[in-house]
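S.K.: Please see the structure below; I have some questions.
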Amino acid sequence: MSSRLLTREELAIDPVDAAQLLLGAYLEAGDVRVRIVEVEAYRGGDDPASHCYRGKTPRNEVMFGPAGFLYVYFVYGMHFCANVVSLVDGVPGAVLLRAGEVVSGEDIAFSRRPASRSAAELAKGPARLCKVLGLDRSSNGLDLTSASSPVRLYAGEPATSVRSGPRVGVAVAMDVPWRFWIDSPAVSTYKRGGKRRNSA
DNA sequence: TACAAGATCGCCT
DNA sequence: GGCGATCTTGTAT
Numbered sequence: 001m002s003s004r005l006l007t008r009e010e011l012a013i014d015p016v017d018a019a020q021l022l023l024g025a026y027l028e029a030g031d032v033r034v035r036i037v038e039v040e041a042y043r044g045g046d047d048p049a050s051h052c053y054r055g056k057t058p059r060n061e062v063m064f065g066p067a068g069f070l071y072v073y074f075v076y077g078m079h080f081c082a083n084v085v086s087l088v089d090g091v092p093g094a095v096l097l098r099a100g101e102v103v104s105g106e107d108i109a110f111s112r113r114p115a116s117r118s119a120a121e122l123a124k125g126p127a128r129l130c131k132v133l134g135l136d137r138s139s140n141g142l143d144l145t146s147a148s149s150p151v152r153l154y155a156g157e158p159a160t161s162v163r164s165g166p167r168v169g170v171a172v173a174m175d176v177p178w179r180f181w182i183d184s185p186a187v188s189t190y191k192r193g194g195k196r197r198n199s200a
């Protein structure tokens with residue numbers, strides 16, 4: 001298993017490229033380690049689906065900062081979603097971590113997600129991924145490239161057979177295939193775009 | 001008035 | 001029954 005931390009410069013690239021780099025990488029928080037198998041790229045000003053599309057705010061400030069930082073945001077009043085900031089300081093961009101496989105600390109993961117019926121379901125979805133890793137708003141802004149950080153990002157084996165398609169749950173820009181995943185039982189099968197309201 | 005936190009309802013399996 | 005880059009209300013500026 002790889003134990004090399006990803007570097008900031010490796011992540012200071014376009015979110016679309018960073019997304020593919022993160023596939024197969026490992027995210028470790030405390031005693032739980034997850035292998036990232038599904039991500040989505042989010043850009044800034046040219047991406048209406050991005051939190052940054054509307055400009056910089058204290059909330060999404062992290063996305064405008066240097067690459068390699070963790071951006072955790074609150075959604076639906078009960079869920080958290082984790083993003084890995086990419087691109088350089090001043091340019092918004094991030095990769096949403098949608099799903100992963102728990103490869104270490106599975107017992108802890110189950111204790112956090114008792115409803116999970118199988119290991120593959122533990123981190124099958126962005127909100128679950130956060131809960132399994134114990135990520136919350138206090139985790140926002142952590143440096144994933146620092147060995148002393150409570151949450152770290154490790155390089156994995158190069159992802160092969162990367163697939164791509166429309167992003168999930170995004171009501172706009174569905175024609176942009178910025179969702180990437182690799183073959184894994186933990187990848188969510190939910191792939192329908194357009195929800196809530198009649199978007200047709 | 002703007003931003004951020006809290007909730008709910010539709011679509012999913 | 002559970003999850004989700006939305007929607008609404010409260011607080012801060």
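So the first sequence is numbered by this note's numbering: it starts at 1 and just counts up by one.
Just so it is clear, CB atoms sit at the ideal spot from N, CA and C, and this is done for glycine as well.
Keep in mind the model is a prediction, meaning the values are calculated, not measured.
In terms of residue numbering, what span does the alpha helix (DSSP H) encompassing cysteine 81 cover?
M.R.: Per DSSP, cysteine 81 belongs to no alpha helix (DSSP H); it is in the beta strand (DSSP E), 79 to 85.
S.K.: Please go through the segment 82 to 142 and give each complete alpha helix (DSSP H) segment of 4 or more residues, from N-terminal end onward.
M.R.: With a minimum length of 4 residues, the continuous alpha helix (DSSP H) runs that stay inside the segment 82 to 142 are 106 to 112, 126 to 133.
S.K.: Where DSSP assigns a beta bridge to isoleucine 36, which residues make up the other side?
M.R.: Isoleucine 36 pairs with Gly100.
S.K.: Check the C-beta distance from alanine 67 over to valine 85 and give it rounded, since I have them as a contact under 8 Å.
M.R.: Sure, about 5 Å apart at Cβ, within 8 Å.
S.K.: Start and end of the beta strand (DSSP E) containing arginine 59?
M.R.: Here arginine 59 belongs to no beta strand (DSSP E), and DSSP marks it neither H nor E.
S.K.: Hey, how far is the Cα of arginine 35 from the Cα of leucine 27?
M.R.: Distance between the alpha carbons of arginine 35 and leucine 27 is about 6 Å.
S.K.: Please state whether the Cβ-Cβ distance between isoleucine 182 and serine 149 is less than 8 Å.
M.R.: No. Outside cutoff.
S.K.: Can you give me the start and stop residues for the beta strand (DSSP E) that alanine 147 sits inside?
M.R.: Per DSSP, alanine 147 belongs to no beta strand (DSSP E) and is neither H nor E.
S.K.: Return helix, strand or coil for arginine 167, following the three-state DSSP convention.
M.R.: Coil.
S.K.: Is alanine 115 buried or exposed, if buried means 16 or more other CB atoms sit within 10 Å of its CB?
M.R.: Exposed, since its Cβ has fewer than 16 Cβ neighbours within 10 Å.
S.K.: Please list the terminal residues of the continuous alpha helix (DSSP H) segment that includes alanine 12.
M.R.: Per DSSP, alanine 12 belongs to no alpha helix (DSSP H) and is neither H nor E.
S.K.: List the endpoints of the continuous beta strand (DSSP E) containing tyrosine 71.
M.R.: Counting along the chain, the beta strand (DSSP E) containing tyrosine 71 begins and ends at 70 to 75.
S.K.: How is the beta strand (DSSP E) around leucine 27 delimited, first residue to last?
M.R.: It spans 26 to 29 - the beta strand (DSSP E) in which leucine 27 sits, taken as one unbroken run.
S.K.: If you draw a straight line from the C-alpha of aspartate 89 to the C-alpha of proline 15, how long is it?
M.R.: Approximately 13 Å between the Cα atoms of the pair.
S.K.: Would you report the Cα separation of alanine 19 and isoleucine 108, rounded to the nearest angstrom?
M.R.: If I take the Cα positions, the gap works out to 27 Å.
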